[in-house]
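Visitor:
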Amino acid sequence: MTEASALQRRPIAGGRVLVVSAQAAEIAAIGQVLADDELVLQALPDQRTALARAVEMGPDLAIIDAHLPDGEGAALIRPLRARLRRRQLPILLLTEGPDTVGTLQGGEAAVTDYLAKPFSPPMLRARVRAWLARTLMTDRTKPAALSQRKAIKAVSSRRSPTEGIGSEPGTITRYASLLASVPTFRRLSREQLHRLVAQATEQVYSAGQALVRQGEPGDRLFVVLSGHVRVVEAAPEIPQGELFLGELGPGEIVGELGILRKQPRSATVLAVGRTHCLVLPKHDFSQVLQSSPDLAVALLRMLAERLHDADQMLARYAPDPLTGLASRRAFRDQYRGLAAGARLRHSGVLLLLLDILHLNTINDRYGYAIGDEVLRTVADALMEATHPPDLVSRSGGDEFAVLLINPGPHDIDVAVTHVREKLAELATRQGLPLAVSCSMGIASSHVPPENADELLREADRDMHRKKRDKKRE
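Heads up: the sequence shown begins at 50 in the working numbering, then just goes up one per residue.
Put into structure tokens, the structure is as follows:
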């Protein structure tokens, strides 16, 4: 038997992978690559949050972006291992390219492995599987460190992928024991635990299967015992059609908001890989919650953490409130993923920068309501003239940026013409005596750079060059 086949046979299901990155596209790509391995992924945006929550998660492997909002990813490695008291924790650093890898290998980062971006999905998966196989084999010699995970996996392994078992005699004690290992329920008394699980059922969901769907009644609470789930909300106004809200793994609970708010489900929850849950009826959960201050406090802490994470995500990716377009910050973040995809496909990108002329004059002379309508008109025209995965953003007070992926020969002309036609219609409809127009700059690349700055600067220079040429005419 070869070493490779032995590695492949080592079980890694349930392995915990910490992803430290502020790039939503990067996190989503990693999740897709590892979706079939039944791993538990937890994404955190920066060094501070990773150090604060690492002990709670107890990762078996960490994937760290080389550039984080609060510092270099390599600087997180030693503090993270120290916080977890795991000097040999495998860490995979995602670097900006081969040159960066060489620099880090010569330094003192103590990185276990490197992978240059844009990473190859098969290569990433192979690296993660190999390191997890080695780590989990070593850790299984330490029963105390994995007692909770082993207890959960032992139950999961006895159930078929579609099985749901009620609380028949002999299972209540086992259910109560499982529930007691979950942080939210850890301080409950034996009697309270037994009341919670008296009518509980076990369910095992296959990859892609929905635990709950948006709009359904909130009549059950789900405790994730193994595997992990993805939470999404319907969002027809964006190209993807749904908004990714987060991922939850073992020890997390799902469905509490529907019960607490007495409202239909606000989101859909999908299994990512094989996921084993304990399902508690609404009535039993509500009764124990009313009689247990400890459970109420634990639930408040959990909700506060999720609210904090959601606020951070909203602050980073909230659309422009006037036009509904991506903000400048969101544009820069989303650009990285789109550019990486274009490089993998060997397709180019084209960036169009638009600056509305005389917007301050329009605001002063006709009021901000008319100025806002001008901005919305340009935004609508750009959205109508583009199609997914093109990216349109309001990058400044009177400035818009459009990223065209694999553009056709006439895509720019179509977008520019459409904007001019819409502005002319607006001027006629509002009776504006002055023409509303835009100055424009263009930049393109057959091999898109890592970040948007280079293209934005090139498009800005092109815009100012055209302004100078027009003045000379």
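Backbone N, C-alpha and C define an ideal beta-carbon position, used for all residues, glycine too.
Out of ASP360, SER315, LEU505, state which residue places its alpha-carbon closest to the alpha-carbon of PHE449.
Guide: Here residue 449 refers to the residue found at position 400 of the sequence shown. Minimum Cα distance to PHE449 is reached at LEU505.
Visitor: For VAL261, which option in SER238, SER275, ILE308 has the closest C-alpha, if you only look at C-alpha atoms?
Guide: Counted from its first residue, the sequence shown places residue 261 at position 212. That would be ILE308, whose Cα lies nearest to the Cα of VAL261.
Visitor: Thinking C-beta only, is ARG269 closer than 8 Å to LYS331?
Guide: In the sequence shown, the residue the question calls residue 331 occupies position 282. In the sequence shown, the residue the question calls residue 269 occupies position 220. Yes, these two residues count as a Cβ contact at 8 Å.
Visitor: Need the endpoints of the beta strand (DSSP E) that PHE449 sits in, please.
Guide: Start at 1 with the first residue of the sequence shown, and residue 449 comes out as number 400. Counting along the chain, the beta strand (DSSP E) containing PHE449 begins and ends at 448–454.
Visitor: Please return the same chain residues whose Cβ sits closer than 6 Å to the Cβ of LYS471, not counting the five positions on each side in sequence.
Guide: Position 422 of the sequence shown holds residue 471. Around LYS471: THR426, ALA430.
Visitor: Is it the case that the Cβ atoms of THR144 and ALA115 are separated by a distance below 8 Å?
Guide: For the purposes of this step, residue 144 is identified with residue 95 of the sequence shown, where counting begins at 1. For the purposes of this step, residue 115 is identified with residue 66 of the sequence shown, where counting begins at 1. Yes, they are a contact pair.
Visitor: Would ARG443 and LEU374 be called neighbours here (beta carbons separated by less than 8 Å)?
Guide: By one-based count along the sequence shown, residue 443 stands at place 394. By one-based count along the sequence shown, residue 374 stands at place 325. Result yes, Cβ atoms of ARG443 and LEU374 sit closer than 8 Å.
Visitor: Taking the C-alpha atoms as reference points, what is the distance between ARG176 and ASP439?
Guide: As a working note, residue 176 is residue 127 in the sequence shown. As a working note, residue 439 is residue 390 in the sequence shown. Distance between the alpha carbons of ARG176 and ASP439 is about 32 Å.
Visitor: Mind reading off the beta-carbon distance from LEU294 to VAL280? Whole number of angstroms is fine, and I expect it under 8 Å.
Guide: In the sequence shown, the residue the question calls residue 294 occupies position 245. In the sequence shown, the residue the question calls residue 280 occupies position 231. Contact holds; Cβ gap of about 4 Å.
Visitor: One question on the structure: do VAL278 and VAL321 come within less than 8 Å of each other, judged by their Cβ atoms?
Guide: Against the sequence shown, residue 278 aligns to sequence position 229. Against the sequence shown, residue 321 aligns to sequence position 272. Yes.
Visitor: Any idea what DSSP makes of SER275, helix, strand or coil?
Guide: Counting from one through the sequence shown, the residue named residue 275 turns up at place 226. Note: SER275 maps to strand in three-state DSSP.
Visitor: In this structure, how does DSSP classify MET512 when only helix, strand and coil are distinguished?
Guide: Mapped onto the sequence shown, residue 512 falls at position 463. If DSSP states are grouped into helix, strand and coil, MET512 belongs with the helices.
Visitor: DSSP three-state call for VAL496: helix, strand or coil?
Guide: Along the sequence shown, read from residue 1 onward, the residue named residue 496 stands at position 447. In this structure, VAL496 counts as coil in the three-state DSSP scheme.
Visitor: Assuming ARG127 and LEU138 are in contact, meaning their beta carbons sit under 8 Å apart, how far apart are those beta carbons, in whole angstroms?
Guide: Looking up residue 127 in the sequence shown gives position 78. Looking up residue 138 in the sequence shown gives position 89. Not confirmed; about 11 Å, so no contact.
Visitor: For the stretch 360–434, list the alpha helix (DSSP H) runs that are entirely contained and at least 4 residues long, ordered along the chain.
Guide: Counting only runs of 4 or more, we get 377–394, 408–415, 417–434.
Visitor: Taking its Cβ as the centre, do 16 or more other Cβ atoms sit within 10 Å of PRO108, making it buried, or is it exposed?
Guide: Counting from one through the sequence shown, the residue named residue 108 turns up at place 59. So PRO108 counts as buried.
Visitor: Expressed to the nearest angstrom, what Euclidean distance is found between the alpha-carbon atoms of GLY300 and ASP369?
Guide: Residue 300 sits at position 251 when you count from the first residue of the sequence shown. Residue 369 sits at position 320 when you count from the first residue of the sequence shown. GLY300 and ASP369: Cα-Cα distance of roughly 36 Å.
Visitor: Suppose contacts are defined by Cβ-Cβ distances below 8 Å. Is LEU181 in contact with TYR163 by that definition?
Guide: As a first step, residue 181 is located in the sequence shown; it is residue number 132 there, counting from the start. As a first step, residue 163 is located in the sequence shown; it is residue number 114 there, counting from the start. No. Outside cutoff.
Visitor: If we count the other Cβ atoms within 10 Å of its Cβ and call it buried at 16 or more, is ILE61 buried or exposed?
Guide: Mapped onto the sequence shown, residue 61 falls at position 12. Buried, since its Cβ has 16 or more Cβ neighbours within 10 Å.
Visitor: Looking at the unbroken beta strand (DSSP E) that takes in ASP523, where does it start and where does it end?
Guide: Residue 523 lies beyond the stretch modelled for the chain, which goes from 50 to 522, so this question has no answer here.
Visitor: Starting from ALA247 and walking both ways along the alpha helix (DSSP H), at which residues does that stretch end?
Guide: If you number the sequence shown from 1, residue 247 lands on position 198. Counting along the chain, ALA247 falls outside any alpha helix (DSSP H), and DSSP gives it neither H nor E.
Visitor: Can the beta-carbon of ALA391 be found less than 8 Å from the beta-carbon of ILE454?
Guide: In the sequence shown, the residue the question calls residue 391 occupies position 342. In the sequence shown, the residue the question calls residue 454 occupies position 405. Contact flag set, yes.
Visitor: Using 8 Å for Cβ pairs, my map puts ALA92 next to VAL68. What's the rounded Cβ distance?
Guide: Numbered from its first residue, the sequence shown carries residue 92 at position 43. Numbered from its first residue, the sequence shown carries residue 68 at position 19. With a Cβ gap of about 5 Å, ALA92 and VAL68 count as contacting.
Visitor: Tell me the residue span of the beta strand (DSSP E) that contains VAL441.
Guide: Along the sequence shown, read from residue 1 onward, the residue named residue 441 stands at position 392. Its beta strand (DSSP E) spans residues 440–443.
Visitor: Counting only runs that start and end within the stretch 53–93, where is the beta strand (DSSP E) found for 3 or more residues in a row?
Guide: 65–69, 89–93, all fully within the stretch 53–93.
Visitor: Thinking LEU408 and VAL468 are a contact (beta carbons under 8 Å), I'd like their distance in whole angstroms, please.
Guide: Translated into the one-based positions of the sequence shown, residue 408 becomes position 359. Translated into the one-based positions of the sequence shown, residue 468 becomes position 419. 14 Å between Cβ atoms; not a contact.
Visitor: Which residue or residues does DSSP assign as beta-bridge partners of THR573?
Guide: Here the chain comprises residues numbered 50 to 522, so residue 573 is not present and cannot be evaluated.
Visitor: How would you call GLY446, buried or exposed, if buried means at least 16 neighbouring beta carbons within 10 angstroms?
Guide: Start at 1 with the first residue of the sequence shown, and residue 446 comes out as number 397. The residue is exposed, with fewer than 16 neighbouring Cβ atoms inside 10 Å.
Visitor: Do VAL318 and VAL328 have their C-beta atoms within less than 8 Å of each other?
Guide: Looking up residue 318 in the sequence shown gives position 269. Looking up residue 328 in the sequence shown gives position 279. No; because the gap between Cβ atoms is not below 8 Å, this pair is not in contact.
Visitor: Taking the alpha-carbon of LEU245 as reference, which of GLN258, TYR224, ALA256 has the nearest alpha-carbon?
Guide: The count along the sequence shown starts at 1 and reaches residue 245 at position 196. The shortest C-alpha separation from LEU245 is found at TYR224.
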